[in-house]
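**Q** Provided herewith is a single structure, encoded as structure tokens, for subsequent inquiry.
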Amino acid sequence: MRSEVNLVGLCCSVPQLIVYSKVKKMKDNDVLEVVVERGSSQEQDVVMVIKKFGIDLVYSDEGDLRRYVIELPKARPRGLP
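Going by UniProt numbering, the sequence shown opens with residue 1, and the numbers climb by one from there.
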């Protein structure tokens, strides 16, 4: 499933908590797009959460905004590294 979270204007720990909660609920092949203000503290918070989950940072810039694409790959079969 593909979903989007717009965090523009949010501050403190709210962006972190939203992204953390959404990523924890993601299933194989789900995609989450996260929109933040470029260069803001909320962007730093979101990047920290994405890295905590070991997800590659993929983003695009749209003016003053940055869109992160978080994608969980299909799970590997059991027993494979």
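Beta carbons are placed, not taken as given, at the ideal position from N, Cα and C, and that holds for glycine. What you are looking at is a predicted structure, and each value in this text was computed from that prediction instead of being measured.
Do you know whose CA, among 65, 5 and 21, lies nearest residue 33's CA?
**A** Against the sequence shown, residue 33 aligns to sequence position 33. Of the listed residues, the one whose Cα sits closest to residue 33 is 5.
**Q** Who does residue 20 pair with in a DSSP beta bridge?
**A** On the sequence shown, position 20 is the one that residue 20 refers to. BP columns for residue 20 are empty, so no partner.
**Q** Mark residue 80 as exposed unless 16 or more other C-beta atoms lie within 10 angstroms of its C-beta, in which case mark it buried.
**A** Residue 80 sits at position 80 when you count from the first residue of the sequence shown. The predicted position of residue 80 is uncertain, since its pLDDT is 40 and thus under 50; no value can be drawn from it.
**Q** If the criterion is Cβ atoms closer than 8 Å, does the pair residue 7 and residue 42 meet it?
**A** As a working mapping, residue 7 is identified with position 7 in the sequence shown. As a working mapping, residue 42 is identified with position 42 in the sequence shown. The answer is yes: Cβ separation under 8 Å.
**Q** Report back the beta-carbon spacing between residue 29 and residue 57 to the nearest angstrom; my notes put them in contact at under 8 Å.
**A** For the purposes of this step, residue 29 is taken as residue 29 along the sequence shown, with counting starting at 1. For the purposes of this step, residue 57 is taken as residue 57 along the sequence shown, with counting starting at 1. The pair is not a contact, with the Cβ atoms about 19 Å apart (cut-off 8 Å).
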